[in-house]
Structures are given as C-alpha cells and as structure tokens.
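Asker: First the structure, then my questions, so here it is.
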Amino acid sequence: YWANTGTKMLHIGRNTKSFILSKSLSFNFSFYTYRGLVTIFKTALNSYNYTECNSLLIGCNAFTATIPYTIINNFSAYINQEATISKLELDFLFFLLHRGLNLKSTLMILIYGYCYNICSKISFELELEVPLLIVARAQKLFY
C-alpha cells in the first residue's frame, strides 16, 4: 500500500494563524509520505504556523516520511514544525492478546488512542466509525 498526502497553507493577511495536524498509520509493507507547503507572503506580518506530523508504524517493513517545505517572505513570522515516528511492536499486540483481548479489540483500543485528538473533533457517529474502519482494514493485513 502507498499513500501520498499533503497540505498547502498560504498566509496572506496580517496576524494569521494556522495549525496543521497530520496522523498516519503504516502497516506491514506499506509506505506513507506527507508533503506540506507553508507559504508566508510579505503582507502576512506576525503570522504563525504550527505543523505537526505523527506517524505510527505497525508490523514489519512499514515506511513513513515527512517532507516539509516552507517559504517565508518576511521576518516577523513564527514557524514551528514537528514530526514524530513511533513503532508499535507486534510483541505489544501479543502481550495484550495474552491478557484476554481479541485482535480486533486490541487494535481498536490502540488506534483509537492514537487518533483520539482527531476523532474527538468529528461527529459522534463518525468518532466511533473511524477506528472500526481502520481496524477492519488492519485485520486483513494481519491474517
């Protein structure tokens, strides 16, 4: 599986603020690339941008990359970029499985915890559906 995503944020006016949050899950033998473009124009005095990219690797040979691209045309802008990559070892899944949880419940708990700050901002119906859809897709990769 290959996923290539990204964002574009243009700051044109004064005192503008932007917050970009990207989260990815990469399972066995999958590739994920995030490309982000932030442009601060000359007229965007005192602008602020915060970009955060979080990636969770599950299984073996999963790959993720974050490629930020920033164009700053004035000196009063504040730009902050942050990227984290975490790996969930299969041993951790097996530990939870040996404690009585099935694979679906284990993945659901871990993925919901990882995606909580995004899922909590969408409607209640979708908040519960998103982790289930991800788990359904993940189960195919583990069997």
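Residue numbering for the sequence shown follows UniProt numbering, beginning at 1 and increasing consecutively.
All C-beta atoms, glycine included, are put in the ideal place defined by N, C-alpha and C.
Name the one or two DSSP bridge partners that SER24 has.
Answerer: SER24 is bridged to SER55.
Asker: Output the distance between the C-alpha atoms of TYR116 and PHE41, rounded to the nearest integer angstrom.
Answerer: The alpha-carbon atoms of TYR116 and PHE41 are separated by roughly 34 Å.
Asker: Which residue's Cα is closest to the Cα of SER22: ALA3, LEU103, ALA136 and CYS60?
Answerer: Answer by Cα proximity: ALA3.
Asker: According to DSSP, is LEU88 helix, strand or coil?
Answerer: LEU88 falls in the strand class under three-state DSSP.
Asker: Among all the DSSP beta bridges, which residues are the ones paired with THR66?
Answerer: Partner(s): TYR34.
Asker: As a quick exercise: from ALA44, CYS60, TYR78 and TYR32, pick the residue whose alpha carbon is nearest that of ILE67.
Answerer: Considering only alpha carbons, the answer is TYR32.
Asker: Expressed to the nearest angstrom, what Euclidean distance is found between the alpha-carbon atoms of MET108 and SER76?
Answerer: Each residue's Cα considered, the two are about 44 Å apart.
Asker: Leaving out five residues on either side along the sequence, give the residues of the same chain with a beta carbon under 7 Å from the beta carbon of residue 156.
Answerer: Nothing about residue 156 can be read from this structure; the chain reaches only from 1 to 143.
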